[in-house]
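Trainee: Can you read through this structure? Questions will come right after.
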Amino acid sequence: MITEIFSTALGKYQLDLDSKKIEQYCLSIREKDEKGRIVSNAGGYQSNLLDLKDETLKPFRLSLMKALKEYYPIYESNKNLRLQEYWFNINGHKAFNRLHSHAGAFISGVYYVKAPQDCGQIYFQRKTNLNLFKLDEVNKYNCEGYYQDPKENLLLLFPSWCEHLVLGNNSKEERISISFNFVTEWKYEIYFNASCL
Ligand SMILES: [Fe+2]
585 MITEIFSTAL GKYQLDLDSK KIEQYCLSIR EKDEKGRIVS NAGGYQSNLL DLKDETLKPF
645 RLSLMKALKE YYPIYESNKN LRLQEYWFNI NGHKAFNRLH SHAGAFISGV YYVKAPQDCG
705 QIYFQRKTNL NLFKLDEVNK YNCEGYYQDP KENLLLLFPS WCEHLVLGNN SKEERISISF
765 NFVTEWKYEI YFNASCL
């Protein structure tokens, strides 16, 4: 019998949202708030945090919940999940995002609103030192990271500790994505019972 003892789960969900409508939403926010904020982005635009109750993004939030219904149970957690924050990135030509993780959150992810050809893969970096574990072929037991092509309407979910970066956009068109963080919260009854001990 073989037991896989360490694992990182990347959730991939091809959604069917009106991405053009979401694109317009993002562009209109950039118009109103030209400065945005600088976090992991180099050369691109990152919005400030978006309204958690915004109507335009409601179908997106519902799709997130649906995907999490499949993804979250693998962690066998007793806690509730809550969308804490979301924001968008617009990477123009040559813009990229530096290596980072989403500290403090539990599950993070990205949704591609607009992803032209060669607009920059997302790369998940493995932290383990695998220098001594050379195999003839690269596979999940010895790879140093994982590249994922962005695609319009693709949603990715991953554990928030997992470090990642975004390669430079080699397209002349802009690449638009929404990133988000979910945090865990004690369910009331569990908290209540624990606090009575
Ligand atoms: Fe990120």
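Residue 756 in my numbering sits at position 172 of the sequence shown, and the numbers go up by one each step. Every residue, glycine too, gets a C-beta built ideally from N, C-alpha and C.
For Tyr-731, report the span of its beta strand (DSSP E) as first-last.
Mentor: Per DSSP, the unbroken beta strand (DSSP E) holding Tyr-731 starts and ends at 729 to 732.
Trainee: Arg-682: buried (16+ other C-beta within 10 angstroms of its C-beta) or exposed?
Mentor: Exposure of Arg-682 is indicated by the presence of fewer than 16 other C-beta atoms within 10 angstroms of its C-beta.
Trainee: By alpha-carbon positions, which one of Asp-733, Asn-737, Glu-757, Leu-738 ends up nearest to Leu-749?
Mentor: Minimum Cα-Cα distance from Leu-749 among the listed residues Asp-733, Asn-737, Glu-757, Leu-738 corresponds to Asp-733.
Trainee: Give the DSSP-derived three-state secondary structure of Lys-596 in the structure shown.
Mentor: strand
Trainee: Please report how far the alpha carbon of Lys-604 lies from the alpha carbon of Glu-615, in whole angstroms.
Mentor: 16 angstroms
Trainee: Helix, strand or coil: which one does DSSP assign to Ile-760?
Mentor: The answer is strand: DSSP assigns Ile-760 an E or B state.
Trainee: Considering just the uninterrupted stretch of the alpha helix (DSSP H) at Ile-691, what are its terminal residues?
Mentor: Here Ile-691 belongs to no alpha helix (DSSP H); instead the beta strand (DSSP E) covers 691 to 698.
Trainee: Applying the 10 Å Cβ sphere with the 16-neighbour rule, what's the burial state of Val-694?
Mentor: buried
Trainee: Please go through the same chain and pick out, in chain order, the residues whose beta-carbon is closer than 8 angstroms to the beta-carbon of Asp-617, but skip the five residues on each side of it.
Mentor: Ser-631, Asn-632
Trainee: Could you please go through the chain and list the residues whose beta-carbon is closer than 7 angstroms to any non-hydrogen atom of ligand 1?
Mentor: One residue after another in chain order, those with a Cβ under 7 angstroms from a heavy atom of ligand 1 are Ser-624, Asn-681, His-684, His-686, Ser-692, Val-694, His-748, Ser-763.
Trainee: Terminal residues of the continuous alpha helix (DSSP H) containing Arg-666?
Mentor: It is not in any alpha helix (DSSP H) - Arg-666 instead sits in the beta strand (DSSP E) that spans 664 to 675.
Trainee: Determine whether the beta carbon atoms of Ser-755 and Asn-673 lie at a separation below 8 angstroms.
Mentor: no
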